[in-house]
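These protein sequence lines are chains A and B, in that order.
Residue numbering for the first sequence follows the working numbering, beginning at 8 and increasing consecutively.
Residue numbering for the second sequence follows the working numbering, beginning at 7 and increasing consecutively.
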Amino acid sequence: MEQKKQKQKLKRKRRNKISHNTAYKTKLYLTKTTILKTPAVKILKENRLGINLAGLKLPNPTMLASGILGYTKETFKNIADGGAGAIVTKSVGLKPRSGYANPTVTQTSCGLINAMGLPNPGIEEFAKEISEAKRVLNVPLIVSVYGFAAEEYATVAKKAVTAGADAVELNVSCPHVKETGSEIGQKPEILKEVVKNVKSAVQKPVFVKLSPNVTSIAETAEAAVNAGADAITAINTVKAMAIDTETAKPILSNKMGGLSGPAIKPIALRCVYEIYEKVKVPIIGCGGITNWRDAAEFLLAGASAVQIGTAIATKGPNMFKAITRGIDAYLKRKGFRSVNEIVGLSHKS
Amino acid sequence: MRLSAYRIKANRHRITKILDIKTESPTVKTFTFKDKICAKAKPGQFLMLWIPSVDEIPLSILDTDEKGIVSVAVKKVGEATQALHNKKVGDFIGLRGPFGNSFTLREGKILMVGGGIGMAPLSFLAKKLAPKASKLTLVVGAKAREELLFMEKLKKFCKEENLLATTDDGSYGFKGLASELSESILTKEKYDAIYACGPEQMIRKVFETAEKAGISMEASLERLMRCAIGLCGSCVIGKYRVCRDGPVFDGNQLRKVKDELGISKRDFNGRRIPL
């Protein structure tokens, strides 16, 4: 009796450790199916959450957004353990960059404004971190890339892929660094040149992360796809600022920054919806997601996967698990067999 | 890692006036101001102080009271701290925080080892622990006599014979490092808990001694900080974010970051550099 109790306890412990991890579920199903002697094909059907994102296999549709905690293999591992289906690194360029002086982050009533200034160790140094991270990660690693010219984007992307990146995400949308980011993404001709250059330099999927600070994000997305983009990430932060009234000074050292968090969710959702109507490649929704319902909204708007960043501050790295669990329960409740079935569903009504 | 919601409420930007400035040593000044949210801070927590148009820096909280008064001790080390030292009573500063975890309040025989400005959070902790501890020994380390911090104040928290000063040049108290004196204390006497804050090489040595003696230890670490809410990754050590999972780490956690503790940190562009 005692032994049995202990065994149960151990089992529960183990289950909690990897709760709602699809791997566990498949395993559980496998045990069940072997007992029932049903064909193993069914296992795939039970896995509602796995997706194929432009050739990358993700165990679930949640991803770490770029710019958040993306320096070291230990932090990548920590986020993957928290349940993320893929990791996007901080944006990395050709040369090391120190970023701006503090304050680099300030809080508004329903979001954060940041102007980090793309701090990164440069691709030479970061390549080591990529290859070491690949050894410990069991989910795809996507390296975010920025540059000050099309050739620079291509060089960095090539080095990232050589180091082991599963895909690259082009940052053509950072709202607070001159001559890169959104200054590239806002000009379709330059954007096309960047995407073409990178596409010819690497064999892996190329994602393009877009800025909402344009007249028509759908047209920008179309330009990126025409140039060869394999997927579109939407959106980056919305250009914003904050001023201190007592001292009459802008709070951020760079004055301008990018707004993230719940404040931009409706904007991001609208962007994804518009892009879905224009392009055929997968869309990765990003902007203010804090719970499974937000994530589901993005999927229904047309996103194949979602990225999460700011909410980690309030909910911690384990929130990926909570969101995955929520989506899974939603799919089950609604009778869907796969998360793919709800992508873009809101367009059909 | 904890799933519990972070009190991000504390991250709201506030502005306040400097109420008092006290010179503690040739390089250290204590700034006092009013802020109700920071006044609720526990020993070990830190705040982000904005010097308008200059910089924003993380500072350990030195003391608080129930009227909402908060103080921080600032050592002149660079441009931002120099600018803060030039401020006068009545000038505006910005605040967010308190952030991070805090020291666990232990009872019994307590040893605290502080080096330089690292004495600030320990002084706050000593104030809280003093009424409960059966014995409180404080080792206060500094380069020279004039740099020994808070000696008058610390006398109130422990017996005079248990307030031990060490100086690198021997101008006062024990000649040598705080870690050396604490090692000799621990060979003679058993303690229930050790708290340390100061230069990381010192923390590493104290940690090694504590491990050998089998005494539980907590140390407060320092890293480059930007967001202070666990997002930007500037302050990572091993798998931990100092701003969010720390700044206070226990023996188990310190053991996990042994390749970095007292050896390396991350600079502004995220590269690992020697300490």
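All C-beta atoms in this analysis are idealised placements derived from N, C-alpha and C, irrespective of residue type, glycine included.
Quick caveat, the model's predicted, so the values are computed rather than measured.
How long is the line joining the alpha carbons of residue i and residue j, rounded to whole angstroms?
i                : j                : result
Val343 (chain B) : Met223 (chain B) : A query on residue 343 (chain B) cannot be resolved here, the shown segment of chain B reaching from 7 to 281 and no further.
Lys49 (chain A)  : Leu56 (chain A)  : For Lys49 (chain A), the predicted model reports a pLDDT of 42, less than 50, meaning its position is unreliable and no value from the coordinates is stated.
Ala132 (chain B) : Ala79 (chain B)  : 16 Å
Ala47 (chain A)  : Lys84 (chain A)  : Reliability of the predicted coordinates at Ala47 (chain A) is poor, the pLDDT of 43 falling under 50, and no value is obtained from them.
Ala336 (chain A) : Val95 (chain A)  : 26 Å
Asn107 (chain B) : Gly50 (chain B)  : 7 Å
Ala216 (chain B) : Lys97 (chain A)  : 37 Å
Thr244 (chain A) : Leu281 (chain B) : 34 Å
Lys328 (chain A) : Asp26 (chain B)  : 48 Å
Lys82 (chain B)  : Val34 (chain B)  : 6 Å
Asp256 (chain B) : Ile221 (chain B) : 11 Å
Lys161 (chain B) : His91 (chain B)  : 26 Å
Thr69 (chain A)  : Ala93 (chain A)  : 7 Å
Cys181 (chain A) : Thr79 (chain A)  : 21 Å
Asp174 (chain B) : Gly244 (chain B) : 31 Å
Glu348 (chain A) : Asp301 (chain A) : 17 Å
Ile14 (chain B)  : Ile235 (chain B) : 8 Å
Ala134 (chain A) : Val168 (chain A) : 9 Å
Ala89 (chain B)  : Ile63 (chain B)  : 11 Å
Val184 (chain A) : Asn109 (chain A) : 15 Å
Ala148 (chain B) : Ala171 (chain B) : 8 Å
Ala187 (chain A) : Asn178 (chain A) : According to the sequence shown, residue 187 (chain A) is Thr rather than Ala. When rounded, the distance between both Cα atoms is 8 Å.
Arg210 (chain B) : Lys262 (chain B) : 12 Å
Glu266 (chain B) : Leu192 (chain B) : 25 Å
Ala164 (chain A) : Pro128 (chain A) : 15 Å
Lys166 (chain A) : Gly100 (chain A) : 10 Å
Leu55 (chain B)  : Lys93 (chain B)  : 13 Å
Lys46 (chain B)  : Phe180 (chain B) : 36 Å
Tell me which residue opens and which closes the alpha helix (DSSP H) that residue i is part of.
i                : result
Asn233 (chain A) : Ile224 to Asn233
Phe163 (chain B) : Here Phe163 (chain B) belongs to no alpha helix (DSSP H), and DSSP marks it neither H nor E.
Ala303 (chain A) : Trp299 to Ala308
Val279 (chain A) : Lys272 to Lys285
Ser185 (chain B) : Ala184 to Lys194
Thr173 (chain B) : Where Thr173 (chain B) is concerned, there is no enclosing alpha helix (DSSP H), although the beta strand (DSSP E) it sits in stretches over Leu169 to Thr173.
Ser138 (chain A) : Ile130 to Val143
Asn258 (chain B) : Gly257 to Lys262
Thr87 (chain B)  : Glu85 to His91
Residue i touches chain B at which residues, Cβ-Cβ below 7 Å?
i                : result
Glu132 (chain A) : Arg277
Ala320 (chain A) : Tyr12, Ile14, Ile235, Gly236 and Leu237
Asn123 (chain A) : Sequence check: residue 123 (chain A) is Met here, not Asn. Simply Arg232 and Cys238.
Who are the neighbours of residue i on chain A, taking C-beta pairs under 7 Å?
i                : result
Ser66 (chain B)  : Ordered by position in chain A, no residue passes the 7 Å Cβ test against Ser66 (chain B), which lies about 17 Å from the chain.
Asp61 (chain B)  : Ala108 and Asn109
Phe274 (chain B) : Ser105, Gly106 and Pro126
Phe98 (chain B)  : Glu253 and Thr254
Lys244 (chain B) : Note on residue identity: the sequence assigns Gly, not Lys, to residue 244 (chain B). Simply Glu81.
Pro280 (chain B) : Those do not exist, as Pro280 (chain B) stays about 15 Å from chain A at its closest Cβ, beyond 7 Å.
Any beta carbon from chain B within less than 7 Å of residue i's own beta carbon?
i                : result
Lys52 (chain A)  : Low confidence applies here, because Lys52 (chain A) scores a pLDDT of 45, under 50, leaving its location unreliable; read the following figure in that light. Closer than 7 Å: no.
Thr240 (chain A) : no
Ile334 (chain A) : no
Asn2 (chain A)   : There is no way to answer for residue 2 (chain A), as the model of chain A reaches only from 8 to 356.
Val150 (chain A) : no
Tyr153 (chain A) : no
Leu259 (chain A) : no
Val380 (chain A) : Residue numbering for chain A in the displayed model covers 8 to 356; residue 380 (chain A) lies beyond these limits and cannot be assessed.
Leu198 (chain A) : no
Asn85 (chain A)  : yes
Leu76 (chain A)  : yes
On the DSSP letters alone, give me the boundaries of the beta strand (DSSP E) that residue i sits inside.
i                : result
Gln314 (chain A) : Ala312 to Ile315
Leu144 (chain B) : Lys141 to Ala148
Ala336 (chain A) : Per DSSP, Ala336 (chain A) belongs to no beta strand (DSSP E); it is in the alpha helix (DSSP H), Met326 to Lys341.
Pro269 (chain A) : Unbroken run through Pro269 (chain A): none, as it is neither H nor E.
Lys22 (chain B)  : One detail in the question is off: residue 22 (chain B) reads as Thr in this sequence, not Lys. Unbroken beta strand (DSSP E) run through Thr22 (chain B): Arg20 to Thr29.
Ile75 (chain B)  : Ile75 to Lys81
Phe105 (chain B) : Phe98 to Phe105
Report the neighbours of residue i on chain A: residues whose CB is nearer than 8 Å to its CB, in chain order.
i               : result
His91 (chain B) : Within 8 Å Cβ-Cβ: nothing; His91 (chain B) doesn't reach chain A, min ~17 Å.
So, is the C-beta of residue i closer than 7 Å to a C-beta in chain A?
i                : result
Ile269 (chain B) : no
Pro104 (chain B) : no
Asn285 (chain B) : Lying outside 7 to 281, the shown extent of chain B, residue 285 (chain B) is not represented and no answer is given.
Asn17 (chain B)  : yes
Pro137 (chain B) : no
Give me the chain B residues within the contact set of residue i, using Cβ-Cβ distance strictly less than 8 Å, ordered along the chain.
i                : result
Asn243 (chain A) : The contacting residues do not exist; Asn243 (chain A) stays about 15 Å from chain B at best.
List the residues of chain A that residue i touches, going by C-beta distances under 9 Å, in chain order.
i               : result
Ile21 (chain B) : Asp251, Thr252, Glu253 and Thr254
For residue i, which residues in chain B fall below 9 Å Cβ to Cβ?
i                : result
Thr317 (chain A) : Leu237
Lys97 (chain A)  : Cys238, Gly239 and Gly276
At 4 residues or longer, and completely inside the stretch 72–112 of chain A: list those alpha helix (DSSP H) runs for me, N to C.
Correct list: 80–88.
Quick one: which unbroken alpha helix (DSSP H) runs of 4-plus residues sit fully inside the stretch 163–221 of chain A? Chain order, please.
Correct list: 189–192 and 195–208.
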